[in-house]
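Chemist: One structure, as C-alpha cells, below. Some questions next.
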Amino acid sequence: MKSQRIAIAGGTGRIGRHIVESLLEIKHQYSLEIIVLSRSQSPHISYAGTSAPVLPIDYQDLSSIQKTLNDFQIDTVISTLSGTTSDPFIASQENLLRAALSVPSIRRFAPSEFSVNSEQVPSVELYQMKIPIIRSLRQLKQERPDFEYSLFSCGVFMNYLGYGNNKPEGHKAHGHMPHFPYIFDLSKRSADIPGDGEKQLVYTRAEDVGKFVAAATQLEAWEEYNEMAGDVLTMNEIVRLCEDVCGTKFDVKYNSREVILARLGPPEKVMENFFAEFLLALMDGECDIKRPINLNELVDVKPMTVRQYLEQWWG
Numbered sequence: 000m001k002s003q004r005i006a007i008a009g010g011t012g013r014i015g016r017h018i019v020e021s022l023l024e025i026k027h028q029y030s031l032e033i034i035v036l037s038r039s040q041s042p043h044i045s046y047a048g049t050s051a052p053v054l055p056i057d058y059q060d061l062s063s064i065q066k067t068l069n070d071f072q073i074d075t076v077i078s079t080l081s082g083t084t085s086d087p088f089i090a091s092q093e094n095l096l097r098a099a100l101s102v103p104s105i106r107r108f109a110p111s112e113f114s115v116n117s118e119q120v121p122s123v124e125l126y127q128m129k130i131p132i133i134r135s136l137r138q139l140k141q142e143r144p145d146f147e148y149s150l151f152s153c154g155v156f157m158n159y160l161g162y163g164n165n166k167p168e169g170h171k172a173h174g175h176m177p178h179f180p181y182i183f184d185l186s187k188r189s190a191d192i193p194g195d196g197e198k199q200l201v202y203t204r205a206e207d208v209g210k211f212v213a214a215a216t217q218l219e220a221w222e223e224y225n226e227m228a229g230d231v232l233t234m235n236e237i238v239r240l241c242e243d244v245c246g247t248k249f250d251v252k253y254n255s256r257e258v259i260l261a262r263l264g265p266p267e268k269v270m271e272n273f274f275a276e277f278l279l280a281l282m283d284g285e286c287d288i289k290r291p292i293n294l295n296e297l298v299d300v301k302p303m304t305v306r307q308y309l310e311q312w313w314g
C-alpha cells in the first residue's frame with residue numbers, strides 16, 4: 000500500500016531536506032501529509048508552493064515521539080538521522096522505531112542509510128552504527144510480515160564534484176550537502192584515487208536521491224533493498240570525463256593501501272578516519288555493486304549523469 004502520511008526524521012538537514020523537498024513536489028499530486036521531525040525548533044520547510052511543519056522531537060522520549068506520530072496518523076517514517084557517536088545515534092533510531100510500532104497507522108520504516116549499504120562495508124566504523132536498526136527491522140518483519148522496511152542506497156553524492164566551481168550560482172551545485180571535494184578536486188584539477196582506479200563508483204546527485212525516495216513512497220510494495228544510481232563509472236572513467244569537460248589533464252595520484260592506512264589517526268579524528276576507511280573499502284571491493292540497481296527501474300525518475308553534472312558546473 001502506498002505511503003500517504005509521511006514523517007521524515009532529521010529532515011531539516013543535508014539529504015533529509017532533499018527528501019522533504021521532493022515529497023513537497025508531489026504532495027498535491029498524491030494528497031500527501033508530510034511532517035518533519037527535528038531535534039531543534041525550526042521554521043516550516045516551504046518548497047514548490049507548499050510546506051511541511053517542523054516538529055521538535057526528543058529522541059530519548061518515546062512517549063513524545065509516539066504522540067507526534069499518532070497525532071498526525073503517520074503511516075511511513077523515513078529516518079535521515081546522522082551522528083558520529085554510536086550510542087546516541089543507535090538509541091535515537093531504535094527509539095524512533097519503538098515509538099512508531101506503538102502507533103496503529105505505521106506500516107513502513109526506512110532507516111538512515113543513503114550511501115553504500117552499511118552491511119557491505121564492515122571496515123567503515125561510522126557505518127557500523129547503522130547495523131543494529133537493520134537487525135531490529137529484520138526481526139520485526141518476521142513477527143509482522145505486513146510491516147515494510149527498505150534500505151535506500153545511493154553510493155557517493157555527485158554534488159562533491161561541484162566543489163570550487165566558479166559559476167555565477169555555483170553554490171547550487173552542492174544542494175544542501177557539505178562543500179568539500181572527495182577523491183576528485185576539479186578546482187585543483189587533481190584526483191586522489193585508492194588503488195588502480197578500476198573500481199566502480201556509484202554516483203547519485205542528492206537532489207535525485209530525494210526524487211527517488213519520494214517516488215518510492217508511491218510504490219505499492221517496498222523491497223528490502225532499494226538501490227539507486229545516477230551513474231556507475233570506474234574512477235579512471237571519471238578522471239577522463241573530468242579532463243574532457245575541463246579541457247586539461249589532471250594530476251592523478253594512485254594510492255597504495257599502505258599510503259591510505261597511514262592517514263588513519265586517533266579515534267577522535269572521526270571524519271578523517273571515516274574518509275580514509277571509505278577509500279580502503281573502495282579499494283577492497285566492499286563498495287562493489289552487490290545487487291541490481293532496482294529503484295531506477297521501479298520508479299520514473301531520470302537522474303543526472305556524471306557528464307551532465309560536470310557540463311553544468313564545469314563546462
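Its first residue numbered 0, the sequence shown is counted upward by one per residue in numbering that gives the first Met the number 0.
All residues carry an ideal CB built from backbone N, CA and C; glycine is no exception.
For L22 and A213, what's the separation of their Cα atoms in angstroms?
Modeler: The straight-line gap from Cα to Cα measures roughly 5 Å.
Chemist: Is any non-hydrogen atom of the ligand ATP found closer than 6 Å to the C-beta of N272, if you look at the structure I gave you?
Modeler: For the structure depicted, the ligand ATP is absent and the ligand set is empty, with no information on it obtainable.
Chemist: Entirely within the stretch 218–271 and at least 4 residues each: give me those alpha helix (DSSP H) ranges in chain order.
Modeler: 234–245 and 256–260, all fully within the stretch 218–271.
Chemist: Okay, do the stretch 265–284 and the stretch 117–126 touch, 3+ Cβ pairs below 8 Å being the bar?
Modeler: Taking 8 Å as the limit for Cβ pairs, the verdict is that the stretch 117–126 does touch the stretch 265–284.
Chemist: Relative to the alpha-carbon of R256, which residue among T233, N235, L281 and T49 has its alpha-carbon at the smallest distance?
Modeler: The shortest Cα separation from R256 among T233, N235, L281 and T49 belongs to L281.
Chemist: Tell whether a beta-carbon distance below 7 Å holds between P302 and G246.
Modeler: No, they are not a contact pair.
Chemist: Let me confirm a value: M234 is counted as buried when at least 16 other C-beta atoms fall within 10 Å, else exposed. Which label applies?
Modeler: Buried.
Chemist: In its own chain, which residues sit with a C-beta less than 6 Å from the C-beta of F88, not counting the 5 before and 5 after it?
Modeler: If we look at F88 and ignore the five residues flanking it on each side, its Cβ neighbours are G82 and M128.
Chemist: Start and end of the alpha helix (DSSP H) containing F71?
Modeler: Premise fails: F71 is in no alpha helix (DSSP H) and is neither H nor E.
Chemist: Return the Cβ separation of Q3 and D74 in integer angstroms, given the expectation that the two are a contact with Cβ distance under 8 Å.
Modeler: Correct: roughly 6 Å between the Cβ atoms.
Chemist: Which two residues bound the contiguous alpha helix (DSSP H) that contains S41?
Modeler: Element bounds for S41: n/a, residue is neither H nor E.
Chemist: Thinking C-alpha only, which one of T216, I44, D86 and G163 is nearest Y58?
Modeler: Comparing Cα positions, the closest option is D86.
Chemist: Run the CB neighbour count on D191, radius 10 Å, all protein chains shown included, and call it buried at 16 or more, exposed below.
Modeler: Answer is buried; the Cβ neighbour count reaches 16.
Chemist: How about H43 and S37: do their beta carbons lie closer than 7 Å?
Modeler: Cβ distance not < 7 Å, so H43 and S37 don't count as in contact.
Chemist: Answer yes if the stretch 138–147 comes into contact with the stretch 278–297, meaning at least three C-beta pairs across the two stretches below 8 Å, and no otherwise.
Modeler: They do not touch, by the three-pair rule.
Chemist: Do A205 and F156 have their C-beta atoms closer together than 7 Å?
Modeler: Yes, the pair counts as a contact, with Cβ atoms nearer than the cut-off.
Chemist: Going by DSSP, name the residue or residues bridged to Y321.
Modeler: Residue 321 is absent from the structure shown; the chain starts at 0 and stops at 314.
Chemist: What are the residues that DSSP puts in a beta bridge with Q199?
Modeler: DSSP, once it has assigned bridges, lists T233 as partnering Q199.
Chemist: Give me the Cα-Cα distance between F108 and E236, rounded to the nearest whole angstrom.
Modeler: Roughly 36 Å between the two C-alpha positions.
Chemist: When the Cα atoms are used, what is the spatial distance from E24 to A47?
Modeler: Looking at the two C-alpha atoms, the distance is approximately 6 Å.
Chemist: Who does Y126 pair with in a DSSP beta bridge?
Modeler: Y126 is not bridged to any residue.
Chemist: Nearest-angstrom Cα distance between L232 and E20?
Modeler: Answer to the nearest angstrom: the Cα atoms are 28 Å apart.
Chemist: Can you give the Cα-Cα distance for P103 and K66, rounded to whole angstroms?
Modeler: Whole-angstrom Cα-Cα distance: 12 Å.
Chemist: Going by C-alpha distance, which of G264, Y162, I56 and E276 is nearest Q40?
Modeler: Of G264, Y162, I56 and E276, the residue nearest in Cα terms is I56.
Chemist: Helix, strand or coil: which one does DSSP assign to I292?
Modeler: Note: I292 maps to coil in three-state DSSP.
Chemist: Using only CA atoms, which one of I34, N254, G264 and S62 lies nearest to L54?
Modeler: Here the closest residue by C-alpha is I34.
Chemist: Beta strand (DSSP E) containing I192: first to last residue?
Modeler: S189 to P193 is the span of the beta strand (DSSP E), which, as asked, contains I192.
Chemist: Roughly how many whole angstroms lie between the Cα atoms of G196 and Y253?
Modeler: Those two C-alpha atoms are separated by around 7 Å.
Chemist: Could you give the distance in angstroms between the alpha-carbon of K26 and the alpha-carbon of Q217?
Modeler: So the two alpha carbons sit approximately 11 Å from each other.
Chemist: Which whole-angstrom value is the C-beta distance of Q92 and L80, which I expect to be below 8 Å?
Modeler: Rounded, the Cβ-Cβ distance is 6 Å, consistent with contact.
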